[in-house]
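One structure is given below, encoded as structure tokens.
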Amino acid sequence: MWRPPVPPPEPADGRAGGPDGFTITVDGGEVPVRAGQTLAAALLAAGRRSTRRTRFAGRPRGVFCGIGICFDCLVVCNGEPGVRACLRPAEPGDVVETGAEPGDPSGLRAGEGVR
């Protein structure tokens, strides 16, 4: 019998992501992170499925393979373009910019420097 997924319980101490949790800044907003999560895992847990848009059609792209092969999850992290969100562990104070926002419909900023 199918059952819907159960969300994890809220931490008793009220901190984002549990006792070892922290937040990162994504496109100007705060995203809670659990210790050990990659940028992609934190984005997916926060309901953010798109990390950039395609160059010509402007279609949303996000985590596809999850192992760094496809380059669909590219973001700008701490000013460094072309970071694969599925491989990069999230760290306190990270500032992440995606190309998924309406202000950057091409998603080129996230993919700069990657050929």
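One point on numbering: in the working numbering, the residue at position 76 of the sequence shown is 76, and numbering is uninterrupted.
We treat Cβ as the ideally placed atom computed from N, Cα and C, and that holds for glycine.
For residue 86 and residue 70, the gap between their C-alpha atoms comes out near 10 Å. Looking from the CA of residue 92, the closest CA among 36, 63, 99 belongs to 36.
Residue 74 sits in a strand when the DSSP states are folded into three classes. No residue range can be given for residue 87, since it is assigned to no alpha helix (DSSP H) and is classified by DSSP as neither H nor E. Rounded to the nearest whole angstrom, the C-alpha separation of residue 21 and residue 43 is 14 Å. Remark: C-beta atoms of residue 96 and residue 77 approach each other more closely than 8 Å. If the five residues before and after residue 65 are omitted, its C-beta is found closer than 7 Å to no C-beta atom of its own chain. Going by DSSP, residue 32 is part of the beta strand (DSSP E) stretching over 29-33. According to the DSSP secondary-structure assignment, residue 38 is paired through a beta bridge with 89. By a beta-carbon distance limit of 8 Å, residue 38 contacts residue 89. Their separation comes to about 6 Å. For residue 95, the enclosing beta strand (DSSP E) has its first and last residue at 95-97.
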